[in-house]
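Here's the structure, in structure tokens; my notes come after.
Number of protein chains: 2
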Amino acid sequence: MEAAARVIARRGVRGLRVEELAAEADVSVALIYYHFKDRAGILRRTLEFISDRAERYTTEHDPDAAPLSPRQKLERNLLLEFQDEAVVRENSTAWGELRASAVFDPDLREDLAKATLIWVQEIADLLGRVQPMATATGLALSAERLTALVEGLSTRWLSGILPLKHARELMLDAIDMELERLARR
Amino acid sequence: MEAAARVIARRGVRGLRVEELAAEADVSVALIYYHFKDRAGILRRTLEFISDRAERYTTEHDPDAAPLSPRQKLERNLLLEFQDEAVVRENSTAWGELRASAVFDPDLREDLAKATLIWVQEIADLLGRVQPMATATGLALSAERLTALVEGLSTRWLSGILPLKHARELMLDAIDMELERLARR
Numbered sequence: 004m005e006a007a008a009r010v011i012a013r014r015g016v017r018g019l020r021v022e023e024l025a026a027e028a029d030v031s032v033a034l035i036y037y038h039f040k041d042r043a044g045i046l047r048r049t050l051e052f053i054s055d056r057a058e059r060y061t062t063e064h065d066p067d068a069a070p071l072s073p074r075q076k077l078e079r080n081l082l083l084e085f086q087d088e089a090v091v092r093e094n095s096t097a098w099g100e101l102r103a104s105a106v107f108d109p110d111l112r113e114d115l116a117k118a119t120l121i122w123v124q125e126i127a128d129l130l131g132r133v134q135p136m137a138t139a140t141g142l143a144l145s146a147e148r149l150t151a152l153v154e155g156l157s158t159r160w161l162s163g164i165l166p167l168k169h170a171r172e173l174m175l176d177a178i179d180m181e182l183e184r185l186a187r188r
Numbered sequence: 004m005e006a007a008a009r010v011i012a013r014r015g016v017r018g019l020r021v022e023e024l025a026a027e028a029d030v031s032v033a034l035i036y037y038h039f040k041d042r043a044g045i046l047r048r049t050l051e052f053i054s055d056r057a058e059r060y061t062t063e064h065d066p067d068a069a070p071l072s073p074r075q076k077l078e079r080n081l082l083l084e085f086q087d088e089a090v091v092r093e094n095s096t097a098w099g100e101l102r103a104s105a106v107f108d109p110d111l112r113e114d115l116a117k118a119t120l121i122w123v124q125e126i127a128d129l130l131g132r133v134q135p136m137a138t139a140t141g142l143a144l145s146a147e148r149l150t151a152l153v154e155g156l157s158t159r160w161l162s163g164i165l166p167l168k169h170a171r172e173l174m175l176d177a178i179d180m181e182l183e184r185l186a187r188r
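Which chain is which? The protein sequence lines are A and B, in order. Going by this note's numbering, the first sequence wraps up at 188, each residue one higher than the last. Going by this note's numbering, the second sequence wraps up at 188, each residue one higher than the last.
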């Protein structure tokens with residue numbers, strides 16, 4: 004799975020060749036097909052892997068540090084895509100590619116929809132812990148907007164047209180605005 | 004150019020074959036290379052064409068209708084991507100593809116950055132006509148967020164995981180929020 008994420012981040016979904024993936028993972032092409040059945044199987048499992056890994060690096064926390072407040076957890080989750088670390092950049096690139104490919108490849112849609120829904124629910128939950136009086140609908144709308152904004156800004160960052168620091172500022176402001184709105188309704 | 008936008012919306016940037024483009028445009032492969040020099044030239048000119056065409060379909064207005072207010076123009080510009088019309092869907096798909104490809108293809112970045120900047124400035128200008136007391140920095144930040152949100156939501160819509168009507172509601176709410184914020188500062 005790590006090899007698949009690396010190859011997709013390097014060549015894109017459409018540039019993914021099973022031979023290159025096999026070489027990268029240091030296994031045979033036959034073994035790849037044995038495990039994943041077909042190309043769609045590889046893509047689906049990679050999507051799952053990438054979203055689990057993002058989950059991990061957005062929730063890891065030094066056990067000796069003070070526990071994070073819900074607001075801090077929220078910012079951490081939404082901003083951690085915007086780090087210039089190899090694994091994060093690779094993960095974001097591969098995720099963006101799988102998203103963009105789903106426009107052309109109906110096979111990917113169900114899994115993409117599922118992964119997106121899980122993320123939106125996590126964010127709605129954290130927003131609700133910061134603003135406990137907000138309605139469930141309000142929380143869901145804010146979470147949908149914030150996660151879609153991460154995706155929009157992340158493509159700009161990864162294609163080099165938006166500096167990282169600026170992307171983070173835009174995101175922090177958006178969180179602020181959504182929380183204010185939730186407090187007022 | 005129309006043929007190139009169609010082929011990209013159908014196959015993606017990575018699936019674009021010059022032979023297919025020539026057949027779609029009903030011209031020879033040699034003529035395509037004569038005009039565009041190379042593949043990068045085709046992509047760059049298509050990006051320009053797509054963004055001019057979006058400009059056109061977001062500003063066209065029935066000459067007999069009452070003139071639009073700045074707020075209406077703003078909503079029109081930001082929501083017109085979200086229409087289930089063949090040309091809009093094709094344009095959004097091709098634009099999303101060129102954006103996603105720029106992550107892998109540095110040749111596209113300069114033109115993508117230019118097209119994005121023009122759009123951000125248009126939106127900042129319209130926001131400023133609705134909220135004339137807002138600062139230039141505040142207007143630019145709001146415009147960056149709103150346009151990035153259009154891009155994020157548009158990929159979700161085009162891949163079938165977000166209903167059109169819901170995308171429009173999320174966008175209208177976001178416009179509302181940014182204008183309120185600009186009014187308060």
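Note that the Cβ used here is the ideal one computed from N, Cα and C, for glycine as well. The structure displayed is predicted, hence computed values, not measured ones.
If the cut is a Cβ gap below 8 Å, which residues of chain A does residue 138 of chain B touch? The sequence position of residue 138 of chain B within the second sequence is 135, counting from 1. Chain A residues near residue 138 of chain B: none, gap ~14 Å exceeds 8 Å.
Contact list for residue 192 of chain A against chain B, beta-carbon separation under 8 Å: Since the displayed chain A opens at 4 and closes at 188, residue 192 of chain A lies outside it and no answer follows.
Residues near residue 118 of chain B in its chain [Cβ-Cβ closer than 8 Å; skip 5 each side]: If you number the second sequence from 1, residue 118 of chain B lands on position 115. 50, 51, 54, listed in sequence order.
Closer than 9 Å by beta-carbon distance: list the chain B residues that pair up with residue 96 of chain A, in chain order. Indexing the first sequence from 1 puts residue 96 of chain A at position 93. Contact annotation for residue 96 of chain A against chain B: 106, 107 [CB-CB distance below 9 Å, chain order].
Using a Cβ cut-off of 9 Å, pull out every chain A residue sitting near residue 18 of chain B, in sequence order please. Stepping through the second sequence from its first residue, residue 18 of chain B is reached at position 15. Within chain A, the C-beta atoms nearer than 9 Å to that of residue 18 of chain B come from 17, 107, in chain order.
Are the beta-carbon atoms belonging to residue 22 of chain B and residue 32 of chain B less than 8 Å from one another? Counting from one through the second sequence, the residue named residue 22 of chain B turns up at place 19. Counting from one through the second sequence, the residue named residue 32 of chain B turns up at place 29. One thing to note: residue 22 of chain B has its Cβ within 8 Å of the Cβ of residue 32 of chain B.
Which chain B residues sit within Cβ distance under 7 Å of residue 184 of chain A? Position 181 of the first sequence, counted from the first residue, corresponds to residue 184 of chain A. 180, listed in chain order.
Determine, using beta-carbon pairs with one atom in the region 119-128 of chain B and one in the region 143-154 of chain B, whether at least three such pairs fall under 8 Å. Using a C-beta cut-off of 8 Å, the region 119-128 of chain B makes contact with the region 143-154 of chain B, since at least three inter-stretch Cβ pairs fall below that distance.
Can you tell me which of A:106, A:28, A:67, A:186 puts its alpha carbon nearest to the alpha carbon of residue 96 of chain B? Within the second sequence, residue 96 of chain B is the residue found at index 93, counting from 1. The option with the nearest alpha carbon to residue 96 of chain B is A:106.
4 or more residues per run - each alpha helix (DSSP H) lying fully within the region 129-183 of chain B: Entirely contained in the region 129-183 of chain B, the alpha helix (DSSP H) runs reaching 4 residues are, in chain order, 139-161.
From residue 74 of chain A to residue 84 of chain B, what distance separates their C-alpha atoms? Position 71 of the first sequence, counted from the start, is the residue given in the question as residue 74 of chain A. Position 81 of the second sequence, counted from the start, is the residue given in the question as residue 84 of chain B. Their backbone Cα atoms lie some 33 Å apart in a straight line.
Beta-carbon neighbours of residue 151 of chain B, restricted to chain A and to distances below 7 Å: Residue numbering aside, residue 151 of chain B sits at position 148 when the second sequence is read from its first letter. What residue 151 of chain B touches in chain A: 152, 155, 156, 159.
So, with DSSP's three-state summary, where would you put residue 15 of chain B? Taking the first residue of the second sequence as position 1, residue 15 of chain B is located at position 12. The answer is coil: DSSP assigns residue 15 of chain B none of H, G, I, E or B.
Tell me whether the region 130-140 of chain A and the region 34-49 of chain B touch, counting them as touching only if at least three CB pairs, one residue from each stretch, are closer than 8 Å. As far as the Cβ criterion goes, the region 130-140 of chain A does not touch the region 34-49 of chain B, which means the pair count is below three.
Would you mind working out which of B:39, B:102, B:40, B:7 sits nearest residue 26 of chain B, comparing C-alpha positions? Here residue 26 of chain B refers to the residue found at position 23 of the second sequence. Ranking the options by Cα distance to residue 26 of chain B, first place goes to B:7.
Note down, in chain order, each residue of its chain lying with its Cβ closer than 6 Å to the Cβ of residue 165 of chain B, except the 5 sequence neighbours on either side. Taking the first residue of the second sequence as 1, we reach residue 165 of chain B at position 162. Excluding the 5 residues flanking it on each side, residue 165 of chain B has same chain C-beta neighbours closer than 6 Å at 159, in chain order.
Quick one: is residue 18 of chain A buried, meaning 16 or more other Cβ sit within 10 Å of its Cβ, or exposed? In the first sequence, counting from the first residue as 1, residue 18 of chain A sits at position 15. Under the 10 Å beta carbon count, residue 18 of chain A is surrounded by fewer than 16 other beta carbons and is classified as exposed.
By DSSP, does residue 68 of chain B sit in helix, in strand, or in coil? Taking the first residue of the second sequence as 1, we reach residue 68 of chain B at position 65. Judged by DSSP in its simplified three-state form, residue 68 of chain B adopts coil rather than helix or strand.
Minimum C-alpha distance to residue 89 of chain A - residue among A:57, A:139, A:20, A:48: Position 86 of the first sequence, counting from 1, holds the residue named residue 89 of chain A. Looking at A:57, A:139, A:20, A:48, the one whose alpha-carbon comes closest to that of residue 89 of chain A is A:57.
Compare the C-beta of residue 131 of chain A against all C-beta atoms of chain B and say whether one is closer than 8 Å. The sequence position of residue 131 of chain A within the first sequence is 128, counting from 1. Not an interface residue.
Would residue 147 of chain B count as contacting chain A if we go by Cβ distances under 8 Å? As a first step, residue 147 of chain B is located in the second sequence; it is residue number 144 there, counting from the start. A Cβ of chain A is located within less than 8 Å of the beta carbon of residue 147 of chain B.
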